[in-house]
Every structure is written in C-alpha cells, then in structure tokens.
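Student: First, the structure itself, so that you have it in front of you.
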Amino acid sequence: MRVAILSAEAVPYSKTGGLGDVAGALPKALCRVGVDAVLITPLYLQTKGEYLSHLVIDDLWLNWGGHDFRAKVFYSEANGSPTFLIDAPEFFHRSSIYGFREDYERFAFFNHAALILLTRIGAPPDIVHLNDWHCGFAAVEIASKRNQGDDYWRRTKTVFSIHNLAYQGAFGTEELWKLGFGSEFERSAFLFDGAASALKAGLAVSDMLSTVSRRYSYEAQTAENGYGLDWLLRQRSDKFIGITNGVDYDVW
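Mapping of the sequence shown onto the numbering used here: residues 1 to 252, in sequence order.
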C-alpha cells in the first residue's frame, strides 16, 4: 500500500504543537509495518539544514494566481521515513510558521505543489492522509480531479484528520478563484458561515475522517464542541472515526 502524508509541520523539521509530533512519527511507524509511506511538508526558514539529505527536484513549476513559481524539493529521512520538503521562499521563509494574514494562500500553494510532486515521483498513492485545515485544499483538488476522470487520481482515497477543530482556515470567498477553485463543486465544498473554510472543505469531501481519540470524535459532533461544524460531522458520522494517538517509543 502506498500512502502519502501531507502536513504543515512534522518533527524534526518543524513543530508548534501536537500535530508536528504525530505527523513526524506516523510515517515512520507505517514504514515499519511494511507500508510504502512518504511524508510531504514545507521547508521553513526554521528547518535545520542538517536534516536535509539532498536536492531531488530543482524545477517544480506551478502557475499560481496567474504567476509562475519555481519550487525546489529536498529529500530527507531524518524522521525515519522518506520525506520530501517543498522549498518555496516566497511562501515559507518567514519569521514563524503560522500567524500571517495570507496563511490560507501559503498552504493552498503547499497542497497544490505536493500533489504535483506526487505525480512526478511515482505511481499514484492509494491513500493521501491530510492533516488539519492546512491540507483541506488538497482534499478538494483530489476530489475534483477524480470527478473529472483524471487517470492519475481516479483510485486514490483521502483521509482527513482533525487535530484541532478550532482552527478552521477561514478566508474570503473572493479568493477561491485566485486559488484555482472556480467550479460549483469546489466552491460549495469551501463555503461556511459566509466565508470559505479549508477545514470545512476537507471534512466535506474527504473519503474518511478521523480525529485523535474516540471520545473526541463524539464530542466534536456536539454543538458545545463542534465549533459550528458539528452538523457536518454528524452528517458524515459513518465516515468519521476516532483513533487514539500512539506513542513514539524512539522519543518517549
């Protein structure tokens, strides 16, 4: 089985919270049980150069918002599994990982670049595992490509994991066109509470949904803890499971 894991942060390359721990440890654990797993994450200004093995692609071209951008891709196994780090200074060489007005644009770019990268490095993944709102864009792009009969993505399934439901990746609906989401299917996936939400989009179109524990999966479906998305999680409860985070014994 081929699995591609996308995450905005992953230990040891970057970390602000628990997402980084999980995304760094999971691909290593999957590889140990025979899964062909790869991790894709941004290369930030804060990522230590000692973790980078070598440059594998120096001409990953993307047309973004009507402009051409050239990204580079570095390879590493510093976390114990094959990892590709997308280097795009315009988007990721910042003073911190998060906290910028255009974060939605930065991570939409990362998602699009990651999917293009996958088409260049080999056969289609069986599963693309997406983490938190930063990766909701990829869920919509894959679903849209499957709807259009794209041969590369036609058998790929998506799993979207909620680590923090409170962070929803909200931005103005007028930005959807700029990000490349112009169809009715794509726009409806993002629309939420008068704006666009990358988290809502990921929850709406991914094939399976998961979160960090069984108890939290139940709590997230209540009005008290659902942050306005409890209705969607109840609607998709047959595709929503809670899996308790494991422990990386190499660390603990």
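Glycine included, every Cβ here is placed at the ideal spot set by N, Cα and C.
Counting only the same chain and skipping the five closest in sequence on each side, list residues whose C-beta sits under 6 angstroms from that of Lys157.
Tutor: What you label residue 157 is simply residue 157 of the sequence shown in a count that begins at 1. Ile127, Asp207, listed in sequence order.
Student: Is it true that the segment 198 to 215 meets the segment 31 to 48, where meeting means three or more beta-carbon pairs spaced less than 8 angstroms apart?
Tutor: Touching, no.
Student: By Cβ distance, which residues of its chain are closer than 6 angstroms to Asp36, with the 5 residues on each side in sequence left out?
Tutor: To locate residue 36, count along the sequence shown from 1; it is residue 36. So the list reads Arg2, once near-sequence residues are dropped.
Student: Output the residue ranges of the beta strand (DSSP E) runs that lie fully inside the segment 168 to 239 and measure 3 residues or longer, sorted by chain position.
Tutor: Runs of the beta strand (DSSP E) inside the segment 168 to 239: 195 to 197, 208 to 211.
Student: What does a CB cutoff of less than 6 angstroms around Lys134 pick up in its chain, not counting 5 residues either side in sequence?
Tutor: The residue you call residue 134 lines up with position 134 of the sequence shown. The question names Lys, but residue 134 in the sequence shown is His. Result list for His134: Ala8, Phe107, in chain order.
Student: Sorted by chain position, which residues of the same chain lie with C-beta nearer than 6 angstroms to Asp21's C-beta, five sequence neighbours on each side aside?
Tutor: Here residue 21 refers to the residue found at position 21 when the sequence shown is read from its first residue. Only Val11 meet the Cβ criterion.
Student: Would you say the segment 28 to 35 touches the segment 73 to 84, given that touching needs at least three Cβ pairs under 8 angstroms?
Tutor: As far as the Cβ criterion goes, the segment 28 to 35 touches the segment 73 to 84, which means the pair count is three or higher.
Student: According to DSSP, is Arg101 part of a helix, a strand, or is it coil?
Tutor: Within the sequence shown, residue 101 is the residue found at index 101, counting from 1. In the structure shown, Arg101 sits in coil (DSSP, three-state: anything other than H, G, I, E or B).
Student: Can you give me the start and stop residues for the alpha helix (DSSP H) that Val140 sits inside?
Tutor: On the sequence shown, position 140 is the one that residue 140 refers to. It spans 136 to 147 - the alpha helix (DSSP H) in which Val140 sits, taken as one unbroken run.
Student: Compute the Euclidean distance between the alpha carbons of Phe160 and Phe137, then round it to the nearest angstrom.
Tutor: Translated into positions along the sequence shown, residue 160 becomes position 160. Translated into positions along the sequence shown, residue 137 becomes position 137. Whole-angstrom Cα-Cα distance: 11 angstroms.
Student: Of the residues Leu62, Leu191, Ser183, which one's Cα is nearest the Cα of Ala170?
Tutor: For this step, residue 170 is matched to residue 170 along the sequence shown. Closest option to Ala170, Cα to Cα, is Leu191.
Student: Using the DSSP secondary-structure output, state which residues sit across from Gly242 in a beta bridge.
Tutor: Start at 1 with the first residue of the sequence shown, and residue 242 comes out as number 242. Thr211, per the DSSP bridge assignment.
Student: Anyone know if the C-beta pair for Ile116 and Leu39 falls short of 8 angstroms?
Tutor: As a working mapping, residue 116 is identified with position 116 in the sequence shown. As a working mapping, residue 39 is identified with position 39 in the sequence shown. Against a cut-off of 8 angstroms, the Cβ pair of Leu39 and Ile116 comes out as no contact.
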